[in-house]
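Sequential numbering of the sequence shown, starting at 247, is according to the numbering used here.
Backbone N, C-alpha and C fix where the C-beta goes; we use that ideal spot for every residue, glycine too.
So the structure is just underneath, and the comments pick up after that.
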Amino acid sequence: MRSVIYILLLMLIGSDKLASQTNDLIFVKHFTKKNKVVLRVLPKNKTSFDETTAKAIEVVRYDNINGVLTNSIVIEDLLRSFHIADTLNWMKLFRKDKDKAGFIYSMLYPTNTNEKLAADEKTKFEKMTFDMMLLSCDLDRDIANACGLYLADSSISNSKKYTYKIAMYTNSMSATTNQLLSLDIDASQLSTNKNITDLKGKSKKRVCTINWQAANYNSDYSGYNIYRSTDNVNFKKVNRSPVILLSTQFEKNKRYIHYGDTMREANKKYYYHIKGINFFGEEGDASNVFTTISITDVTSIPFIDSAKVIQNKMVKLKWRMEDDKETTLPKKYILMRSDKDNGVYKTIYESSTNLNYSDRSPGQLNFYRVAAVLINDDTLFSYSRFANIIDTIAPASPKDLKAIVDKKGIVTISWTKSKESDLQGYKLFKSNRLNDEFVQINNKFITDSFTTDKLNLKTLSKKIYYKIAASDNNFNASALSEAIEVKRPDTIPPQAPILVSVSQKTNCIEVRYILSNSDDVNKEILFKKKIDEIEFKDYYTFDPKDSTGIILDTLVEPGQTYEYQLRSSDEDKNISYSRSLDVLFETGFRKKINDITFTVDRTSKKIDLTWKYDEKNVEKYVIYRSKKDEIPTIVKTLEGNTLQFTDKTVNMGNVYEYRIKAAMANGAESIISSPVTVEY
């Protein structure tokens, strides 16, 4: 108790509402209300209290206008504890609470009963009683007033600022005082208490235990009152003495207050809220409301009377509480079912009145439990009850079969997983023909929704068929699924196509061919490339009707050698090639030179010719010249890498015509160019 009081005092002293001026005797705390300022005097220790009580305190109030103090009024000229002979005031306290008043009276005016105590014990006793007195003053303003530690000024205006000067008389008989401190107060700033928002609780049977984190409110409240209501409107206090946050030396970090209250009426809703008591003995606003329900004590658990299997199709159940007198107490019953005794139970029925149910869709293995939900939402569970349905219904046929096969003949078959809870597995069947009997090929159940099979690739049959059947734990088998067709992977390339011949024609190359006669060919292509190129390029894709025939390749250039090859491929991307043949396309002629330019230099007496020609393997260029309307004659033969000629044998006043012809290394020639006319 002493440590609690000490902590409370420290919090009280550390508040930001204390007077700013310091002294060795007291602190003063204030609380501003409408038309009232309340002051609490806080002695620093018992010695300070004894001195201020013996000499008395004077409190004077001033109007504070911009720091100028005017209009002094003595609010209290003798603030001290009730005199020992003040029978009238003491009797009022005794009538209100004789135990508390008696304690304060004995503390203020002790007898000699503790004279026999040792000095240190006496000091501890006096400190303890002093701390308890301060705590009593925190919780009860009448006690604080009796101890001379409380003062209310009801003559203020909330539109003004005030300065309170607190002074102590020099002795009990003196009229002179020594100022202890001054306190500036803006009366327009009303004080507030912290709202309590974390009230929680729980109830068991007819005892409600509420709790809140009182440590969060230590700077605002020294204690609390508990209020209860049955209509959430009219609340009554249930505690006789204020509830405080008590801690021992082993609970230095204690933060919560827990308070238990007995709810008198069963099956009734109760509402609780709390109010904090500030350091001026006044209650703050009500906290949030905690709501709970008191229930009649239930001493038994639910009990399943019977679980009968009807025609192997449904289970009829009845239940009650073990103590039949308590059957009507729960607000509802919940029936649950699982396929395992310790498995996950799912709700299949709930009711507040019916105590029986017919389960028309049971599984093969059925474990039932009943939960009784009490008025306060506590739940009681029965022991499980077992009911067995002999399964004669086969699972549904598997659906959505799919199959993928790789080059090695490994088939992966998948399907949609069946929804039956008692499924044991699947059987795999296959046949070489759709209309033949399907044979089971697995000797153990397939437990997943896919499986694999290895195909024999050395067979003439190109397709294989699969079906799936599902089986439950009672070996009831489903009908076979729809068949899925699987094409065996083809690893044999088609018969190679034949490239019969390639030959030059006047303006093209003739390609004669015979395509593959394999029936699984799906694409045949003629490839072509120049002899100096590395890779073939697609030239023509055949239509299946083009089994034999001729292709005329007109995209050829004179003097170029072309190579041809055929390719056939099937659906499995097996490929076969024909032989490759090449042919030189040579007509003996090349295109004429068209890009010829000239310049005339009369000062140097010459004509310069230049030209461009992109044909390859040019051995020589032959230059022809003539005068207008004369026959051209050769004037110069140049090497094939020369693209320029200068004619210095020209005379003024003539018109010349020049022609150029290219001669190839293989004897072919270009067509002679058109004449280029030059006036000199």
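Inter-residue spacing [alpha-carbon to alpha-carbon] between residue i and residue j
| i | j | result |
| --- | --- | --- |
| LYS819 | LYS648 | 22 Å |
| ASP377 | CYS383 | 10 Å |
| LYS673 | ASN634 | 26 Å |
| GLU683 | SER677 | 7 Å |
| SER822 | LEU745 | 12 Å |
| VAL287 | ASP343 | 23 Å |
| LYS571 | ASP646 | 57 Å |
| ASP847 | ASN897 | 12 Å |
| ILE431 | SER401 | 14 Å |
| VAL305 | ASN485 | 36 Å |
| THR599 | GLN557 | 27 Å |
| ALA421 | LYS446 | 55 Å |
| TYR595 | THR476 | 33 Å |
| LEU884 | ARG813 | 47 Å |
| SER277 | PRO289 | Inspection of the sequence shows that residue 277 is occupied by Phe rather than by Ser. Approximately 18 Å between the Cα atoms of the pair. |
| SER815 | ASN720 | 52 Å |
| ASN524 | ILE490 | 12 Å |
| LYS498 | TRP565 | 52 Å |
| VAL283 | ALA390 | 15 Å |
| ILE272 | LEU324 | 16 Å |
| ILE796 | VAL757 | 6 Å |
| VAL555 | LEU601 | 17 Å |
Nearest candidate by alpha-carbon position, reference residue i, set the options
| i | options | result |
| --- | --- | --- |
| PHE328 | LEU354, ASN588 and ILE780 | LEU354 |
| GLU297 | CYS393, ILE442, PHE349 and SER824 | CYS393 |
| PHE627 | LEU680, ASP646, ILE550 and PHE675 | ILE550 |
| ILE755 | ASP828, TYR711 and LYS704 | ASP828 |
| PRO644 | THR662, VAL657 and ASN281 | THR662 |
| ILE650 | LYS483, THR697 and LYS282 | THR697 |
| VAL868 | ASP699, VAL881, LYS713 and THR794 | VAL881 |
| ALA911 | ARG871, TYR870, THR892 and GLU861 | GLU861 |
| GLY313 | LYS346, LYS282, TYR408 and ASN404 | TYR408 |
| TYR473 | ARG501, ASP507 and LYS448 | ASP507 |
| THR538 | ASP587, TYR516, SER552 and MET419 | TYR516 |
| THR574 | VAL619, LYS873, TYR396 and TYR603 | VAL619 |
Neighbourhood of residue i by C-beta distance below 8 Å, restricted to the same chain and skipping five residues each side
| i | result |
| --- | --- |
| VAL590 | SER584 |
| ILE917 | PHE835, ARG836, LYS837, LYS838 and LYS907 |
| THR845 | ILE853 and ASP854 |
| VAL922 | ILE842, PHE844, LEU855, GLU903, TYR904 and ARG905 |
| ARG606 | LYS559 and MET560 |
| VAL802 | CYS754, ILE755, TYR808 and PHE831 |
| ASN768 | SER815, ASP816 and GLU817 |
Range covered by the beta strand (DSSP E) that runs through residue i
| i | result |
| --- | --- |
| ASP841 | 841-847 |
| LEU884 | 879-885 |
| THR625 | 625-627 |
| GLU903 | 901-910 |
| ASN602 | 602-605 |
| THR658 | 656-662 |
| ARG631 | 631-634 |
| ASP430 | 423-432 |
| PRO548 | 548-556 |
| ARG452 | That residue, ARG452, is in no beta strand (DSSP E); it is neither H nor E in DSSP. |
Limits of the unbroken alpha helix (DSSP H) element including residue i
| i | result |
| --- | --- |
| TYR351 | 344-354 |
| ASN612 | From DSSP, ASN612 is part of no alpha helix (DSSP H) but of the beta strand (DSSP E) over 611-619. |
| LYS373 | 365-385 |
| PHE831 | First-last for PHE831: 827-831, but that is the beta strand (DSSP E), not the alpha helix (DSSP H). |
| THR299 | 292-301 |
Contacting residues, own chain, Cβ-Cβ under 6 Å from residue i (five flanking each side not counted)
| i | result |
| --- | --- |
| GLN890 | THR856 |
| PHE443 | Checking the displayed sequence, the identity of residue 443 turns out to be Thr instead of Phe. For THR443, where only same-chain residues beyond five positions count, the Cβ hits under 6 Å are ASN534. |
| LYS894 | LYS852 |
| ASN722 | ALA640 |
| THR293 | none |
| ARG326 | THR299, ALA302 and GLY394 |
| ASP961 | It is not possible to answer for residue 961, since the shown part of the chain is limited to 247 through 926. |
| SER266 | Here SER266 scores only 41 on pLDDT, less than 50, and its place in the model is too uncertain to base an answer on. |
Own chain residues within Cβ distance below 7 Å of residue i, not counting five before or after
| i | result |
| --- | --- |
| LYS379 | This sequence places Met at residue 379; Lys is not what is there. Counting only Cβ-Cβ distances below 7 Å, and skipping sequence neighbours, we find ILE350, MET353 and CYS393. |
| GLU925 | VAL901 |
| GLY671 | PHE691, ILE692, THR693 and SER717 |
| ILE636 | ASN558 |
* Are the stretch 746-760 and the stretch 665-673 touching by the rule of at least three beta carbon pairs closer than 8 Å? -> no
* To do: Would you be able to state if there are at least three C-beta pairs under 8 Å between the stretch 417-428 and the stretch 492-510?
  => no
* To do: Evaluate the contact criterion for the stretch 465-477 versus the stretch 443-453: three or more CB pairs, one atom per stretch, below 8 Å.
  => no
* Three CB pairs or more closer than 8 Å across the stretch 365-375 and the stretch 314-323 -> no
* May I ask you to verify whether the stretch 611-626 touches the stretch 537-549, counting CB pairs closer than 8 Å and requiring at least 3? => yes
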